[in-house]
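For reference, each letter of the sequence shown is one residue, going 764 to 874 in the numbering used here.
We treat Cβ as the ideally placed atom computed from N, Cα and C, and that holds for glycine.
Below is one structure, written out as structure tokens; the observations come after it.
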Amino acid sequence: MKNAILHFCIAFFPLSLFGQVSYSKPEIANSIDSAKKYHNISDYENTTRYADKAYSLSLKFNDSKGVRNALFYKAAISFDMQKLNLSDSLYREVEWMAKQARDTLLIIKSL
């Protein structure tokens, strides 16, 4: 009986892997690159979508650099859409996080 269960598990275990979805740092980087690309052409909807995706994935996988960059694009798009209060608070958060991580480039970009 144990052998039958073992053979069943071995035979169908690889199939269980297909149902799982996992994201990684390259996916976060691709989302941030897409947010940057769409921000450069002033496509607010796609910039927001990719920045939100990068932000949620970065939080899920504890990628602080991804969180900082995603928040930067969320702040930039908020500024472009003239949501100044939201933009200001997001830029302050990005600046604080960048200072904590000593991310000089992002500190300069967020000023």
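Do you know how far the Cα of residue j is from the Cα of residue i?
i, j, result
"Lys846", "Val830", "20 Å"
"Leu849", "Phe842", "8 Å"
"Asp796", "Ser787", "14 Å"
"Lys872", "Val857", "10 Å"
"Ala798", "Lys862", "23 Å"
"Asp851", "Met844", "12 Å"
"Asn832", "Ile840", "12 Å"
Can you confirm whether residue i, when its beta carbon is compared against all beta carbons of chain D, has any partner nearer than 8 Å?
i, result
"Ser827", "Looking at the structure shown, chain D is missing, and only one protein chain is on hand."
Taking Cβ to Cβ, would you say residue i is nearer than 8 Å to residue j?
i, j, result
"Ile791", "Leu834", "no"
"Lys837", "Leu853", "yes"
"Tyr801", "Thr810", "yes"
Beta-carbon within less than 6 Å of residue i's beta-carbon, same chain only, minus the 5 sequence neighbours each way: which residues are those?
i, result
"Trp859", "none"
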